[in-house]
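**Student:** Let me give you the structure first, and then I'll get to my questions.
Chains as they are written, first to last, in this note's numbering: chain S, 3 to 426; chain W, 469 to 948.
So, in structure tokens, the structure goes:
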């Protein structure tokens with residue numbers, strides 16, 4: 003695909019009064035394995051050319067996935083037709099103008115150089131290690147190279163590229179099932195021996211399981227579990243939805259509605275996590291503090307609502323929750339008993355206005371008492387309100403990479419609300 | 469199209485044991501109106517081809533969006549290379565494919581009016597009327613209406629000699645009113661799901677009138693009582709609620725790839741393992757679930773699946789007993805079957821097809837029974853309409869569901885409206901507690917348009933259906 007050709011073609015052929023074009027291209031290689039064999043294996047490029055145009059306050063969109071003249075003609079014609087047939091939008095916003103963008107580095111040479119043969123070798127080694135434990139492993143080894151760009155009639159023009167490498171592994175041995183996942187922009191940081199060692203160690207800790215009834219109890223949420231919960235909470239923090247009365251954060255700006263030690267940011271400064279220099283609205287990204295020491299400081303906002311209420315049009319492009327340095331062993335000594343949660347599964351809103359979520363634990367739950375792990379327990383269902391949960395945080399561990407877009411610590415939370423149990 | 473033969477000949481020449489090519493052009497029109505602001509008027513065309521090669525017991529899949537001989541041949545070679553790489557890992561765990569004959573066929577979704585032929589202005593005018601009707605009620609703070617129209621034009625060829633030409637169209641309207649009052653916010657949604665029909669269905673629905681009803685019910689809901697602590701109660705569930713319950717607790721557990729552990733790392737596995745076939749009591753004797761990819765207007769009715777296997781109808785649960793799975797050519801062989809049930813589907817051209825839920829529905833009761841009679845026969849319970857919160861564990865055992873609109877039933881009557889109702893249950897307790905199903909006059913379909921599964925994630929479609937049904941002794945209560 004020739005990005006310059008597409009931009010030039012649209013600039014010279016689009017007759018709309020205003021336009022914004024987003025061009026995304028990616029090349030992926032994904033090797034999926036299950037029960038010690040490869041079940042799927044796919045590769046190929048993708049392209050998305052997405053054009054928004056307007057005549058006055060009448061707007062229309064179109065998208066194609068091919069950058070030749072015939073498709074670009076159709077793209078322009080369809081978007082313009084849609085705009086002409088649309089009514090005037092009272093919330094219409096003109097396209098963004100030229101901006102100075104922050105400098106970011108989202109590409110890794112090691113990830114770019116990774117070959118399909120190397121990826122299959124990683125899968126083969128993973129399976130060999132599982133077989134050596136008389137176990138079965140399922141997962142996915144994947145590599146993605148993506149480039150996203152935006153240009154507008156009013157002068158915005160920017161491109162950002164990133165790389166992602168992921169290797170996830172779910173080990174099953176007897177009744178024990180647990181998962182470890184490495185997700186980063188840089189393949190160079192991946193160490194299969196280390197990751198599989200963590201997986202085997204988790205599996206070993208889960209070997210003896212006892213039945214555990216649902217109750218309110220202290221939990222240590224490991225980083226993958228915390229980030230899952232926080233993304234859902236983040237989704238409910240939309241500024242307009244809150245201002246209009248639909249979320250628990252209505253009227254809560256600049257008020258203490260989180261725990262006093264809890265802060266939530268998006269950051270350009272952490273080289274380990276992806277940080278795009280502009281968002282899909284064409285607004286340059288910046289350091290954002292959403293929650294500072296428990297006080298709600300800002301909420302994700304689109305351009306229209308930001309202009310109306312006088313705030314910044316920013317979205318969370320990644321998640322950073324600062325930690326402290328309390329180890330898991332020390333956390334276990336801070337409460338008489340509790341559970342260690344590896345991951346959550348199937349989180350869904352229960353009550354948007356209260357901010358209540360439900361979900362299940364997954365991939366191993368450990369029971370501890372008197373400062374040490376005693377045994378594993380069955381999976382449990384929770385109904386919990388995350389922002390209220392942060393008021394019950396007793397300790398933070400060291401923040402670490404949880405995914406390509408999250409750098410969060412393990413936390414110790416009191417009285418986590420489990421409401422049901424399952425049979426495994 | 470010449471690329472079908474070019475690709476299949478090239479794959480055979482390279483030594484593929486099996487190969488297929490799916491040339492697919494997907495057109496979507498999505499129109500979203502929030503209050504009186506048109507948030508999206510979008511037309512998308514995604515066009516390309518995916519080539520699968522099976523070699524030495526392993527798959528390779530490559531896709532491309534460039535149409536010329538060189539690109540097609542390069543894509544075949546890439547798929548073949550990937551399959552050979554996979555085979556080096558699968559030496560002692562080779563996949564196998566069920567035998568299948570070849571087909572030359574054309575399938576087209578029956579519709580009277582192509583939804584893409586209706587001018588955008590007419591669609592927007594209808595959405596404006598719908599939202600205006602909702603906003604005319606004091607207390608409605610947000611009106612949302614959304615039309616999705618989708619068309620797939622697929623050409624499929626395989627080295628078995630199959631040649632298919634498939635045109636698949638569906639429409640899906642959703643409207644939601646949100647009321648704010650007394651410090652609470654509650655929504656009510658009209659959502660019958662998608663159907664493989666044309667614009668004529670939208671006209672039949674009279675959505676502008678439905679919008680008024682939805683708005684009134686949102687206002688009732690926001691001021692409704694909550695249920696209080698969890699207790700064992702009866703549930704009467706409407707078809708457009710049961711659709712999601714059966715999707716999660718019957719549809720996914722009976723996908724054979726999950727049963728085999730192929731989704732263990734992400735979507736999860738299933739408690740309904742093969743030794744339970746033909747002997748496991750999944751539900752009461754009146755519970756009969758049918759997989760049916762021949763269902764008229766069904767979202768998974770497309771003539772053939774992406775293995776080139778024709779649509780079929782079979783019992784997944786028969787008289788309450790686990791009878792059979794939804795399968796594909798590669799999963800069926802793993803449990804010794806010599807046929808596939810035709811459940812292999814991909815979403816876009818760049819997706820490798822995977823084992824999906826077929827159209828799956830609960831057969832209606834055989835004795836005459838109306839919803840009014842069912843409620844009259846229920847002393848203490850809750851009647852639930854529409855979809856709400858839903859969550860189920862990764863083995864598909866324990867689940868918690870909400871709903872969209874609730875009535876408390878007392879002494880056989882709808883006593884008072886409720887909000888924030890949840891029920892918790894598990895397989896097989898839930899389906900074994902089913903003691904009454906209304907008859908076929910009250911059977912209604914519900915078309916799912918966004919079933920997420922797989923890595924990389926895909927969004928599949930299928931239709932569920934049922935008549936209103938009753939479940940006894942279920943844990944039901946208010947949230948928290």
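Glycine is no exception: its CB is placed at the ideal position from the N, C-alpha and C atoms. Please read all numbers here as calculations on a predicted model, not as lab measurements.
Please list, in chain order, the residues of the region 607–623 of chain W that have any C-beta partner in chain S closer than 9 Å.
**Tutor:** 609 and 610
**Student:** Tell me whether residue 311/S is buried or exposed, calling it buried when 16 or more other Cβ atoms sit within 10 Å of its Cβ.
**Tutor:** exposed
**Student:** Determine the chain W residues that contact residue 48/S at a beta-carbon separation under 7 Å, and present them in chain order.
**Tutor:** 818
**Student:** Report the option in 331/S, 139/S, 21/S and 401/S whose CA atom is closest to the CA atom of residue 157/S.
**Tutor:** 21/S
**Student:** At which residue ranges does the region 140–217 of chain S contain complete alpha helix (DSSP H) runs of 4 or more residues, listed in the order of the chain?
**Tutor:** 194–207
**Student:** Taking Cβ-Cβ distances below 8 Å as the criterion, which residues of the region 585–596 of chain W are in contact with chain S?
**Tutor:** Cβ contacts with chain S: 587, 588, 589, 592 and 596.
**Student:** Between the Cα of residue 229/S and the Cα atoms of 413/S, 420/S and 162/S, which residue gives the shortest distance?
**Tutor:** Residue 413/S is the option with its Cα nearest to residue 229/S.
**Student:** State the Cα-Cα distance for the pair residue 526/W and residue 588/W, rounded to the nearest angstrom.
**Tutor:** 46 Å
**Student:** Rounded to whole angstroms, what's the CA-CA distance from residue 944/W to residue 717/W? Just pull it up for me.
**Tutor:** 17 Å
**Student:** Pull up the distance between the alpha-carbon of residue 137/S and that of residue 73/S, whole angstroms please.
**Tutor:** 50 Å
**Student:** How is the beta strand (DSSP E) around residue 656/W delimited, first residue to last?
**Tutor:** 652–659
**Student:** Tell me, to the nearest whole angstrom, how far the beta carbon of residue 602/W is from that of residue 679/W; I am working on the premise that it is less than 8 Å.
**Tutor:** 5 Å
**Student:** Would you list, in chain order, the members of the region 117–132 of chain S that have their beta-carbon closer than 7 Å to a beta-carbon of chain W?
**Tutor:** 118, 119, 122, 125, 126 and 129
**Student:** From the DSSP output, which residues share a beta bridge with residue 22/S?
**Tutor:** 54/S and 154/S
**Student:** Give the single residue among 543/W, 496/W and 537/W whose Cα lies nearest to the Cα of residue 44/S.
**Tutor:** Distances from the alpha-carbon of residue 44/S to those of 543/W, 496/W and 537/W put 543/W closest.
**Student:** Decide if residue 888/W is buried, meaning its Cβ has at least 16 other Cβ atoms within 10 Å, or exposed.
**Tutor:** So residue 888/W counts as buried.
**Student:** Less than 7 Å between CB atoms is the rule here; does residue 24/S satisfy it with respect to chain W?
**Tutor:** Not closer than 7 Å to any Cβ of chain W, the Cβ of residue 24/S fails to qualify, so no.
**Student:** Within its chain, find whatever has a CB closer than 6 Å to the CB of residue 303/S; leave out the 5 residues flanking it on each side and keep chain order.
**Tutor:** So the qualifying residues of the chain are 241, 313 and 315.
**Student:** Mark residue 7/S as exposed unless 16 or more other C-beta atoms lie within 10 angstroms of its C-beta, in which case mark it buried.
**Tutor:** exposed
**Student:** Who are residue 852/W's beta bridge partners in DSSP?
**Tutor:** DSSP output for residue 852/W lists 705/W and 874/W as bridge partner(s).
**Student:** Using a Cβ cut-off of 7 Å (strictly closer), state whether residue 379/S contacts chain W.
**Tutor:** no
**Student:** How big is the Cα-Cα spacing for residue 694/W and residue 876/W?
**Tutor:** 10 Å
**Student:** Along chain S, in chain order, which residues have C-beta atoms closer than 8 Å to that of residue 872/W?
**Tutor:** Ordered by position in chain S, no residue passes the 8 Å Cβ test against residue 872/W, which lies about 13 Å from the chain.
**Student:** Decide if residue 720/W is buried, meaning its Cβ has at least 16 other Cβ atoms within 10 Å, or exposed.
**Tutor:** buried
**Student:** Flag residue 40/S as yes if its beta-carbon sits less than 7 Å from any beta-carbon of chain W, otherwise no.
**Tutor:** yes
**Student:** When DSSP labels each residue in this structure, what does residue 338/S get in the three-state scheme?
**Tutor:** Note: residue 338/S maps to coil in three-state DSSP.
**Student:** List the endpoints of the continuous beta strand (DSSP E) containing residue 7/S.
**Tutor:** Counting along the chain, residue 7/S falls outside any beta strand (DSSP E), though it belongs to the alpha helix (DSSP H) covering 5–15.
**Student:** Given residue 475/W, which residues of its chain have a CB within under 7 Å of its CB, disregarding the five upstream and five downstream residues?
**Tutor:** Listed in chain order, the non-local C-beta contacts of residue 475/W below 7 Å within the same chain comprise 489, 519, 540 and 544, local neighbours out to five positions each way being set aside.
**Student:** If the criterion is Cβ atoms closer than 7 Å, does the pair residue 578/W and residue 615/W meet it?
**Tutor:** No. Outside cutoff.
**Student:** Can you list the residues of chain S that residue 894/W reaches, using a CB-CB cut of under 8 Å?
**Tutor:** Simply 424 and 425.
**Student:** Can you give me the C-alpha to C-alpha distance between residue 109/S and residue 163/S, rounded to a whole angstrom?
**Tutor:** When only Cα atoms are considered, residue 109/S and residue 163/S end up about 7 Å apart.
**Student:** Going by C-alpha distance, which of 801/W, 759/W, 570/W and 470/W is nearest residue 631/W?
**Tutor:** 570/W
**Student:** Just mark residue 408/S as buried or exposed, buried being the case when its beta carbon has 16 or more other beta carbons within 10 Å.
**Tutor:** buried
**Student:** Taking its Cβ as the centre, do 16 or more other Cβ atoms sit within 10 Å of residue 120/S, making it buried, or is it exposed?
**Tutor:** exposed
**Student:** Taking the alpha-carbon of residue 206/S as reference, which of 286/S, 179/S and 252/S has the nearest alpha-carbon?
**Tutor:** 179/S
**Student:** Have a look at residue 853/W and residue 373/S and give me their C-alpha separation to the nearest angstrom.
**Tutor:** 48 Å
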